[in-house]
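Just below is one structure, and these are the notes that go with it.
Protein chains in written order, with full-length UniProt numbering: chain Z, 1 to 846; chain U, 1 to 350.
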């Protein structure tokens with residue numbers, strides 16, 4: 001080697017990279033695929049959520065007609081209309097538009113379909129709306145009177161839903177009243193997603209039992225007005241049962257609807273990406289280990305250690321780049337498929353089934369691609385540094401484990417990381433998100449993987465002194481002596497197994513708890529729900545009529561109304577029902593109610609969202625006043641993520657003045673056929689309410705609820721399946737790489753008389769042992785991480801708790817599959833390695 | 001005259017409720033008749049006039065409060081029942097600007113936000129007002145995005161009852177009529193605010209009060225109206241309702257001297273000669289902005305050559321569903337007032 005001939009190291013490096021990939025394309029493909037899967041999931045989840053948020057936001061803005069500010073009633077009962085002139089005269093308010101907003105149904109008889117078409121019925125003063133929400137004003141083609149009490153204006157979506165044309169008659173039912181109108185025009189500027197009907201406000205008040213009441217006042221502020229001052233002035237005039245909502249509030253409220261769900265899905269995608277990172281790491285480590293002599297040669301030829309590091313990292317970056325590009329393409333396809341199949345919220349049930357348009361977002365694509373590349377680079381960094389550190393002279397000769405088998409791997413880095421993970425799990429939510437919980441999961445994962453060499457030795461140590469057949473003994477000695485290589489193979493298995501196990505435990509615990517809860521809350525034989533009964537439900541006469549139906553042993557009537565407690569939060573559900581303490585699934589103790597106070601039972605999410613506990617008092621904005629209630633207990637509720645409050649029915653009636661009821665739980669008399677009873681009850685409801693009535697038996701309701709549950713976890717199941725596949729592919733890739741790298745070792749063994757079959761047995765045993773160690777470690781780590789999911793992530797994001805349930809059959813299957821896969825792939829790879837000519841294999845060594 | 005009412009008329013469906021019919025011989029009683037007559041279909045308080053700024057510049061202005069009664073189900077107990085709709089419009093004619101500035105308010109009556117009184121002139125429409133004080137003065141204040149004013153109008157003459165003691169025929173049928181009185185020669189003082197700067201203004205104004213249930217004959221496509229405060233203290237009112245051919249369906253008016261000697265003009269006493277036409281570049285309509293009118297006063301013809309303060313006093317309110325018309329400040333030798341020309345861009349429909 002003279003200074004006269006300087007081979008350009010980069011050229012040599014390029015040859016090596018290309019040569020390596022040409023020789024082992026599968027390694028490149030697996031690494032890239034692992035990254036691609038993570039990036040694809042992350043990007044798909046992000047796209048779908050953005051789409052869902054955008055369409056939800058559009059829906060909210062459409063109904064609101066883009067007012068600057070809005071006053072909304074705390075309950076559908078509305079607030080007194082006397083607020084309107086007070087708001088109109090508030091300094092800074094340029095125009096105020098009073099609105100009656102109720103849910104109405106286009107009657108089934110006129111739509112000709114089985115289900116009545118629900119729509120938002122707005123009663124507007126067109127003269128006021130013109131200055132505030134012009135998009136809500138219908139244009140009559142013949143310029144007839146906007147005050148015409150017979151005229152109704154429909155959005156295109158409402159027209160389609162009701163199967164009507166311009167000029168047709170349409171019958172709307174709301175507040176137990178039906179009324180027919182002539183469709184006088186179309187709301188051209190409301191988009192195509194929202195079913196909206198607009199009539200004159202006076203007629204809406206009169207015909208639908210809203211006299212004296214408004215649900216909304218839309219506000220346009222004067223130009224150049226100090227917004228904060230105007231808002232303060234308006235707030236000062238609001239009664240207890242009205243809230244000032246700004247577009248930002250509305251956005252926050254709609255954002256909060258799906259925020260936790262969204263962030264959790266994105267975190268899951270990131271976890272998939274992390275698993276991909278481990279696979280890249282293990283592939284790169286093996287590839288580096290295999291090429292150690294080549295790198296040493298390069299070093300001897302004059303390549304600097306830094307340049308070597310750069311080269312290996314570059315390899316990782318190229319894998320990452322290919323994976324990220326692939327991932328973005330797959331992610332878009334996946335998002336498109338998910339939106340088409342599951343709807344805008346991935347089956348989360350948070351959004352209606354509106355039309356969703358998927359938009360490709362270039363900045364988001366770039367971010368996710370960068371994350372994928374960064375993970376690939378980071379995963380290559382450790383092996384790269386290791387290769388650069390190796391002494392060229394030794395590395396040139398030795399292709400095995402560079403660490404000394406007598407050196408005990410340290411356990412403390414793993415323990416420190418696990419300890420930090422435990423600490424992070426105790427942390428509070430940040431910005432109402434369990435960010436520390438996720439950090440805890442990542443730390444636990446990292447700790448578990450870091451502890452693997454130590455753990456592998458610890459687990460194998462008891463087996464060391466057993467007298468075993470030669471192949472098994474060889475396998476044991478090999479694993480014990482080369483713990484780093486074992487750890488490389490293990491980290492992929494452990495990472496994917498533990499994540500899979502954590503998710504499985506969480507989902508099975510959740511599903512089990514929901515199932516138990518459903519049994520608890522559905523003790524009766526038949527349930528009745530009146531759809532769209534926010535404005536008014538069954539009146540006392542109708543209730544009496546139902547109670548007197550033959551076959552009804554006992555009937556309990558309930559009333560549910562949405563109640564807006566804060567402007568920037570989704571409304572909670574207020575329920576009035578007989579004897580709540582006896583019929584709701586209470587958790588923890590209840591507190592005796594002081595004499596003269598009203599008992600309220602809050603659902604678990606309220607504890608988190610409104611910072612309440614039993615024994616506290618809170619104010620309910622009902623009937624124009626703030627009504628103090630005493631919180632007597634907390635109950636478990638998986639149905640309403642944004643909170644629910646239950647009152648005894650007489651308290652509910654006293655506070656709201658509302659004697660109507662929207663649901664009923666019916667116990668049948670012995671020997672009654674529920675189907676016949678339902679028919680009889682439906683008849684007694686009459687055609688108007690009958691069309692809005694939904695009957696169900698608990699069995700059906702449970703089935704429906706669990707199918708909704710399963711649908712909303714469909715994406716989770718998909719992620720799990722993908723994690724399993726990644727794990728198995730990782731195992732296969734790792735083993736085949738390691739086995740192929742040991743051709744010389746096998747040649748040597750053959751030389752000293754070990755039979756081919758024995759080598760195969762040794763390899764299978766090695767694989768099985770690794771698989772078992774990986775599964776044990778993965779299960780332990782997974783159960784640990786599942787506890788973080790159950791006790792930290794879920795309560796902090798969804799505000800409910802659940803009882804842990806271990807899915808043993810799944811665990812057993814998982815353990816068997818992983819062990820078998822590990823042993824099988826190791827043996828398969830071994831066949832190839834062993835089939836090589838023993839002499840040539842040994843010669844390769846010299 | 002009073003074309004903006006058309007925008008409101010469009011709000012009325014064909015099947016109208018039964019409105020009172022305007023009949024002759026019904027004596028007026030003040031201040032009761034300064035107030036609203038809510039059973040009639042339409043009504044207005046229409047002020048036009050000239051303002052003088054501290055720099056001595058002349059501006060024309062107009063401010064009108066309209067009331068209409070759309071058909072509603074009287075059984076509807078809702079406070080929002082649109083029993084009465086109030087509409088107000090204000091415009092400013094500044095020759096330096098070369099075009100009109102205007103502003104408006106509209107609301108259904110109720111909640112104290114839009115109200116009239118049946119006892120005297122006392123109108124509230126959001127932040128716009130017109131109120132008569134017991135001493136007979138009328139205060140009005142309006143605020144738009146380009147200008148705002150607060151004016152006090154002080155009568156210097158008694159009410160001028162148009163037509164037959166206030167019964168003013170508008171068409172060939174006796175029912176085509178309105179109750180109509182005028183307060184000419186109102187002394188004006190107040191404040192005009194433009195671009196945030198208030199200035200004191202003085203001037204002279206004219207108030208038309210009219211209420212009716214059946215204003216326009218079906219053959220009519222437009223009308224011309226003229227009100228002049230003459231320097232000698234006399235007041236001249238002229239109107240002409242035109243058919244599609246430009247011929248008068250009806251015409252009329254009045255002349256009253258400073259001393260109160262009043263002449264009611266029959267259709268045959270009034271003739272309009274179009275004179276110079278001004279063509280609007282914006283709408284394409286041509287208006288006789290400088291007509292010559294001749295009236296027969298006690299057997300003697302009085303000919304007046306009208307000169308606009310400036311040509312472009314056209315108002316296009318089609319954006320708000322209203323008509324295109326010309327209404328502006330005009331002078332004649334020895335007098336000044338307001339001229340309204342409607343139906344020149346397209347026939348008015350009612």
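Note that the Cβ used here is the ideal one computed from N, Cα and C, for glycine as well.
Nonlocal neighbours in the same chain, by C-beta distance under 7 Å from residue i, ignoring five residues either side
i, result
"residue 270 of chain Z", "42"
"residue 227 of chain Z", "221"
"residue 273 of chain Z", "38, 39, 42, 371, 372 and 375"
"residue 310 of chain Z", "none"
Short CB-CB distance (under 8 Å) between residue i and chain B
i, result
"residue 317 of chain Z", "Among the protein chains of the structure shown, namely Z and U, there is no chain B."
Contact list for residue i against chain Z, beta-carbon separation under 7 Å
i, result
"residue 106 of chain U", "127"
"residue 112 of chain U", "85"
"residue 24 of chain U", "Neighbours of residue 24 of chain U on chain Z: none; closest Cβ ~31 Å, over 7 Å."
Closer than 9 Å at the beta carbon, the chain Z residues around residue i
i, result
"residue 72 of chain U", "147, 149 and 202"
Proximity below 8 Å, CB of residue i to CB of residue j
i, j, result
"residue 594 of chain Z", "residue 630 of chain Z", "yes"
"residue 65 of chain U", "residue 51 of chain U", "no"
"residue 97 of chain Z", "residue 128 of chain Z", "yes"
"residue 83 of chain U", "residue 118 of chain U", "no"
"residue 537 of chain Z", "residue 494 of chain Z", "no"
"residue 213 of chain Z", "residue 324 of chain Z", "no"
"residue 206 of chain Z", "residue 217 of chain U", "no"
"residue 422 of chain Z", "residue 450 of chain Z", "no"
"residue 857 of chain Z", "residue 48 of chain Z", "The shown model of chain Z, from 1 to 846, leaves out residue 857 of chain Z, and the question about it has no answer."
"residue 656 of chain Z", "residue 553 of chain Z", "no"
"residue 235 of chain U", "residue 252 of chain U", "no"
"residue 638 of chain Z", "residue 800 of chain Z", "yes"
Residue i beta carbon near the ligand SAH (any heavy atom closer than 7 Å)
i, result
"residue 190 of chain Z", "This structure simply doesn't include the ligand SAH, nor any ligand for that matter."
Opening and closing residue of the alpha helix (DSSP H) in which residue i lies
i, result
"residue 108 of chain U", "Looking at the DSSP string, residue 108 of chain U is not in any alpha helix (DSSP H); the run it does join, the beta strand (DSSP E), is 99-108."
"residue 360 of chain Z", "Taken as a continuous stretch (DSSP letters only), residue 360 of chain Z belongs to no alpha helix (DSSP H), as it is neither H nor E."
"residue 751 of chain Z", "743-751"
"residue 689 of chain Z", "674-690"
"residue 477 of chain Z", "470-481"
Neighbouring residues, chain U, relative to residue i (Cβ below 7 Å)
i, result
"residue 81 of chain Z", "79"
"residue 88 of chain Z", "113"
Cβ shell of residue i (< 6 Å), same chain only, five flanking positions each side left out
i, result
"residue 870 of chain Z", "Outside the shown range of chain Z (1 to 846) lies residue 870 of chain Z, about which nothing can therefore be said."
"residue 117 of chain Z", "106, 111, 161 and 162"
"residue 302 of chain U", "295"
"residue 2 of chain Z", "Caution is warranted here: a pLDDT of 40 is assigned to residue 2 of chain Z, below 50, making its placement in the model unreliable, and no coordinate value can be reported."
"residue 129 of chain U", "141"
"residue 299 of chain Z", "392"
"residue 233 of chain U", "258"
"residue 352 of chain Z", "Confidence at residue 352 of chain Z is low in this model, with a pLDDT of 43, below 50, so its placement is unreliable and no value can be given for it."
Sequence-distant residues of its chain with Cβ nearer than 8 Å to residue i (five each side left out)
i, result
"residue 19 of chain U", "39, 40, 41, 69, 213 and 214"
"residue 113 of chain Z", "At residue 113 of chain Z the pLDDT is 48, less than 50, meaning the model places this residue with poor confidence; the figure from the coordinates comes in the next sentence. The answer, listed in chain order, is 163."
"residue 682 of chain Z", "690, 693 and 695"
Range of the contiguous beta strand (DSSP E) that encloses residue i
i, result
"residue 84 of chain Z", "Element bounds for residue 84 of chain Z: not the beta strand (DSSP E) but the alpha helix (DSSP H), 83-88."
"residue 583 of chain Z", "Taken as a continuous stretch (DSSP letters only), residue 583 of chain Z belongs to no beta strand (DSSP E), being part of the alpha helix (DSSP H) at 580-583."
"residue 306 of chain U", "No beta strand (DSSP E) holds residue 306 of chain U; DSSP gives it neither H nor E."
"residue 802 of chain Z", "Element bounds for residue 802 of chain Z: n/a, residue is neither H nor E."
"residue 649 of chain Z", "Taken as a continuous stretch (DSSP letters only), residue 649 of chain Z belongs to no beta strand (DSSP E), being part of the alpha helix (DSSP H) at 649-656."
Chain Z residues whose Cβ lies nearer than 8 Å to that of residue i
i, result
"residue 76 of chain U", "149, 202, 203 and 206"
Contacts that residue i makes with chain U (C-beta to C-beta distance below 9 Å)
i, result
"residue 211 of chain Z", "77, 78 and 79"
If contact means a Cβ-Cβ distance below 9 Å, which residues of the stretch 193-206 of chain Z contact chain U? 200, 201, 202, 203, 204, 205 and 206
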